[in-house]
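Student: First the structure, which I've put down as structure tokens, then a few questions once you've had a look.
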Amino acid sequence: MLKLAFNNLANGAAQIACQRLAPGFATTCQKFISQTQCHERKVDVKDHYEFDQKVINNDNPVIVNFHAEWCDPCKILTPKMSELLDDSEEIDLATIDVDTNADLVETFEVKAVPAVLAFRNGVVVDKFIGLVDANSIENLINKLKRKKQSGEEPLESAEK
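Spelled out as structure tokens, the structure:
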């Protein structure tokens, strides 16, 4: 019930509501709101329809991570990307399991995992294949943030 109440409130209104609660409960309330907001920025894409909704039609840039459960480099990259995007309200993260989304794998010609594609306005503007270091991921994120602010396109490859 608490979840439904806070999901219906705007961010500011929810924070004000939390501040008016008992001090011990207010902290729990703030953590809940933070986790809920964070979850909205990250999505596991299950099919082409959801991909269109969450990536193609998104107003924010979206980093799409094609991964597989059996892929050891994916097990390193996926949590690292998630961690680096935790505080970002400007960029969303979509993860796609290649074993359950063959149509998306074919559409974007994913030949190896992990494969990361950066989208803006429904168009791929950058990509990299394989395990990269945190600096490369941060560079991609920063490029997307800068380009969103300036409105310029296209991006240079993050693999440089």
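Numbers 12 to 171, taken from this note's numbering, label the letters of the sequence shown in order.
Positions of the beta carbon are idealized from the N, C-alpha and C atoms, including for glycine.
Nothing here was measured: the structure is a model prediction, and the numbers come from that model.
Under three-state DSSP, which class holds Ile102?
Tutor: On the sequence shown, position 91 is the one that residue 102 refers to. In the structure shown, Ile102 sits in coil (DSSP, three-state: anything other than H, G, I, E or B).
Student: With distances taken between CB atoms, is the gap from Asp137 to Leu155 smaller than 9 Å?
Tutor: Residue 137 sits at position 126 when you count from the first residue of the sequence shown. Residue 155 sits at position 144 when you count from the first residue of the sequence shown. Yes. Within cutoff.
Student: Mind checking Asp97: buried by the 16 CB within 10 Å criterion, or exposed?
Tutor: What you label residue 97 is simply residue 86 of the sequence shown in a count that begins at 1. By the neighbour-count rule (16 or more Cβ atoms within 10 Å), Asp97 is not buried but exposed.
Student: Could you tell me the alpha carbon to alpha carbon distance between Val56 and Lys158, rounded to whole angstroms?
Tutor: Translated into the one-based positions of the sequence shown, residue 56 becomes position 45. Translated into the one-based positions of the sequence shown, residue 158 becomes position 147. The straight-line gap from Cα to Cα measures roughly 25 Å.
Student: Taking its Cβ as the centre, do 16 or more other Cβ atoms sit within 10 Å of His59, making it buried, or is it exposed?
Tutor: Counted from its first residue, the sequence shown places residue 59 at position 48. With fewer than 16 Cβ atoms within 10 Å of its Cβ, His59 is classed as exposed.
Student: Going straight from the alpha carbon of Ser147 to that of Asn69, what length do you get?
Tutor: Position 136 of the sequence shown, counting from 1, holds the residue named residue 147. Position 58 of the sequence shown, counting from 1, holds the residue named residue 69. Straight-line Cα distance between these residues: approximately 24 Å.
Student: In chain order, what are the residue ranges of uninterrupted alpha helix (DSSP H) at least 4 long that sit wholly in the segment 76–148?
Tutor: 83–95 and 113–118, all fully within the segment 76–148.
Student: Using the three-state DSSP reduction, which class does Lys65 fall into: helix, strand or coil?
Tutor: Start at 1 with the first residue of the sequence shown, and residue 65 comes out as number 54. Reduced to three states, the DSSP call for Lys65 is helix.
Student: Determine the closest residue to Gly133 out of Ile107, Glu101, Phe62 and Asn150, with distance taken between C-alpha atoms.
Tutor: Locating residue 133 in the sequence shown gives position 122, where the first residue counts as 1. It is Phe62.
Student: Buried or exposed, going by whether 16 or more other CB atoms sit within 10 Å of the CB of Ile152?
Tutor: Within the sequence shown, numbered from 1, the residue matching residue 152 stands at position 141. Classification for Ile152: buried.
Student: With a CB to CB cut of under 8 Å and the five nearest residues on each side skipped, what residues in its chain are close to Pro125?
Tutor: By 1-based counting over the sequence shown, the position of residue 125 is 114. Answer for Pro125: Asn76, Phe77, His78, Cys82, Pro84, Cys85, Leu88, Thr89, Ile140, Gly141 and Leu142, listed in chain order.
Student: Going by DSSP, what residues sit across from Asp55 in a beta bridge?
Tutor: Position 44 of the sequence shown, counting from 1, holds the residue named residue 55. Answer is Thr106.
Student: Are the CB atoms of Ala105 and Val54 within a distance shorter than 9 Å?
Tutor: Against the sequence shown, residue 54 aligns to sequence position 43. Against the sequence shown, residue 105 aligns to sequence position 94. The answer is yes: Cβ separation under 9 Å.
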